[in-house]
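The structure under discussion appears below in the form of structure tokens.
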Amino acid sequence: MDLEKALKEINHAGSLEALEEARIKYLGRKGVVAELFSELAKLKVEERAKRGQELNALKQNIITAL
0 MDLEKALKEI
10 NHAGSLEALE
20 EARIKYLGRK
30 GVVAELFSEL
40 AKLKVEERAK
50 RGQELNALKQ
60 NIITAL
């Protein structure tokens, strides 16, 4: 997932509806970030912790931008 793309979409949202659509797209139950978290189970244990931290940082950056 490209953080810059998500931030660009959020920053260019022209209305509250567009902003809410972006929030759902990235942070919703079936959103992009949720899909990435679901892929953690496929990783080896040693890779899982690092990737989990990266995904948490990504999620936090999107929340901050919103």
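For the record, in the sequence shown the residue sitting at position 58 is 57 according to numbering that gives the first Met the number 0, with numbers rising by one throughout.
Beta carbons are placed, not taken as given, at the ideal position from N, Cα and C, and that holds for glycine.
As the structure is a computational prediction, the values presented were derived from the model and not from experiment.
Beta carbon of residue i, beta carbon of residue j: below 7 Å?
| i | j | result |
| --- | --- | --- |
| Glu34 | Ala21 | no |
| Tyr25 | Ala5 | yes |
| Val32 | Lys58 | yes |
| Leu2 | Asn55 | no |
For residue i, which three-state DSSP category applies?
| i | result |
| --- | --- |
| Ser14 | coil |
| Lys29 | coil |
Taking C-alpha atoms, which residue in the options lies nearest to residue i?
| i | options | result |
| --- | --- | --- |
| Gly51 | Glu16, Phe36, Lys29 | Phe36 |
Keeping to the same chain, check which residues put their C-beta closer than 7 Å to that of residue i; ignore five residues upstream and five downstream.
| i | result |
| --- | --- |
| Arg47 | Leu39 |
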